[in-house]
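Notes follow once the structure below has been shown.
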Amino acid sequence: MYEGAVQDLIDELGRLPGVGPKSAQRIAFHILQADQADVSRLVEALNQVKAKVRFCVVCGNVAEAEQCRICLDPRRDPGLICVVEEPKDVVAIERTREFRGRYHVLGGAISPIDGIGPDDLRITELMARLGSTEITEIIIATDPNLEGEATASYLARLLGPLGLRVSRLASGLPVGGDLEYADEVTLGRAFEGRRMLNV
10 MYEGAVQDLI DELGRLPGVG PKSAQRIAFH ILQADQADVS RLVEALNQVK
60 AKVRFCVVCG NVAEAEQCRI CLDPRRDPGL ICVVEEPKDV VAIERTREFR
110 GRYHVLGGAI SPIDGIGPDD LRITELMARL GSTEITEIII ATDPNLEGEA
160 TASYLARLLG PLGLRVSRLA SGLPVGGDLE YADEVTLGRA FEGRRMLNV
């Protein structure tokens with residue numbers, strides 16, 4: 010335990026996701042030893058992100074304007090919508106350079122344990138977007154965990170009657186993984202998502 014401002018800083022850093030007590034302490038002491046100019050840049054970056062960044066009115070991705078750069082890009086296919094949980098998932102998919110459609114960010118996943126239901130997510134906004142005749146396929150790209158699966162199942166039931174093509178990202182074995190270490194669910198998904206080889 011430290012006195013006053015140092016302990017306050019450690020406590021605030023410890024409230025950040027993924028930052029435990031030891032990490033919070035290390036970051037706090039790094040800040041204490043850093044040059045004033047470095048600390049000022051950090052403070053300014055935090056102030057700027059809170060002042061400028063918002064969520065896209067169309068898809069829910071992070072943006073500095075009303076709409077994000079992906080929604081504004083005329084080269085993107087408006088008929089494909091990839092549904093993800095968080096803005097960080099958009100970044101992960103964009104890194105693959107495989108998807109040229111648009112996104113819809115739910116803002117989380119259904120988790121009854123955490124008190125998050127369908128009404129707490131941007132599902133109503135997704136359904137409103139589907140009124141557009143140009144949308145032909147919805148790709149559900151929620152995380153392959155219990156909450157992500159529950160969300161995907163809920164969306165599939167909701168979207169099924171609309172006559173749209175609804176798909177789910179395949180999941181299975183990671184590249185470089187060993188079969189002997191794969192759990193049954195992952196291995197089962199790998200079999201379900203298998204594809205034919207061009208021979």
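When we follow my numbering, the leftmost residue of the sequence shown carries the number 10, and every step to the right adds one. The C-beta atom is built at its ideal place from N, Cα and C for all residues, glycine as well. These numbers were taken from a predicted model, which means no experiment stands behind them.
Quick check on the DSSP output: the alpha helix (DSSP H) that includes C80 runs from which residue to which?
Locating residue 80 in the sequence shown gives position 71, counting from the first residue. Where C80 is concerned, the enclosing alpha helix (DSSP H) stretches over R78 to L81.
State yes or no: is the C-beta of L135 within less than 8 Å of the C-beta of G117?
On the sequence shown, position 126 is the one that residue 135 refers to. On the sequence shown, position 108 is the one that residue 117 refers to. For L135 and G117, no; Cβs fall outside 8 Å.
At what residues does the beta strand (DSSP E) containing Y112 begin and finish?
Position 103 of the sequence shown, counted from the first residue, corresponds to residue 112. Residues R111 to V114.
Quick one, are the C-beta atoms of N70 and P87 less than 8 Å apart?
In the sequence shown, residue 70 corresponds to position 61, counting from 1. In the sequence shown, residue 87 corresponds to position 78, counting from 1. Their beta carbons are not under 8 Å apart, which means N70 does not touch P87 by this criterion.
On the DSSP bridge list, what partners appear for S120?
Walking along the sequence shown from the start, residue 120 turns up at place 111. I125.
Report the partner residues of V62 according to the DSSP bridge assignment.
Reading the sequence shown from its first residue, position 53 is the one you call residue 62. According to DSSP, which records beta bridges pairwise, V62 is partnered with nothing at all.
Taking DSSP as the reference, what is the three-state secondary structure of S49?
For the purposes of this step, residue 49 is identified with residue 40 of the sequence shown, where counting begins at 1. Residue state, collapsed to three classes: helix.
Neighbourhood of L209 by C-beta, 7 Å cutoff - its chain only, sequence neighbours within 5 removed
Residue 209 is absent from the structure shown; the chain starts at 10 and stops at 208.
I147 and V99 - do their beta-carbons sit closer together than 8 Å?
Counting from 1 along the sequence shown, the entry for residue 99 is found at position 90. Counting from 1 along the sequence shown, the entry for residue 147 is found at position 138. Their beta carbons are not under 8 Å apart, which means V99 does not touch I147 by this criterion.
Would you call T133 buried or exposed, if buried means 16 or more other Cβ atoms sit within 10 Å of its Cβ?
Looking up residue 133 in the sequence shown gives position 124. When all chains shown are included, T133 counts as exposed.
Which same chain residues, not among the five before or five after A150, have their C-beta less than 7 Å away from its C-beta?
Within the sequence shown, the letter at position 141 stands for residue 150. Closer than 7 Å at the Cβ level, and outside the excluded window around A150, lie C91, V92, V93, D98, I102 and L178.
From the DSSP output, which residues share a beta bridge with E146?
Position 137 of the sequence shown holds residue 146. Bridge partners of E146: L89 and R174.
If you count every other CB in all the chains shown that lies within 10 Å of the CB of T105, and 16 or more means buried, which is it?
Reading the sequence shown from its first residue, position 96 is the one you call residue 105. T105 is exposed by the Cβ-count criterion.
Just how far apart, CA to CA, sit G169 and V175?
For the purposes of this step, residue 169 is identified with residue 160 of the sequence shown, where counting begins at 1. For the purposes of this step, residue 175 is identified with residue 166 of the sequence shown, where counting begins at 1. Roughly 7 Å separates the two Cα atoms.
V71 by DSSP, collapsed to three states: which one?
Translated into the one-based positions of the sequence shown, residue 71 becomes position 62. Here V71 sits in strand by DSSP.
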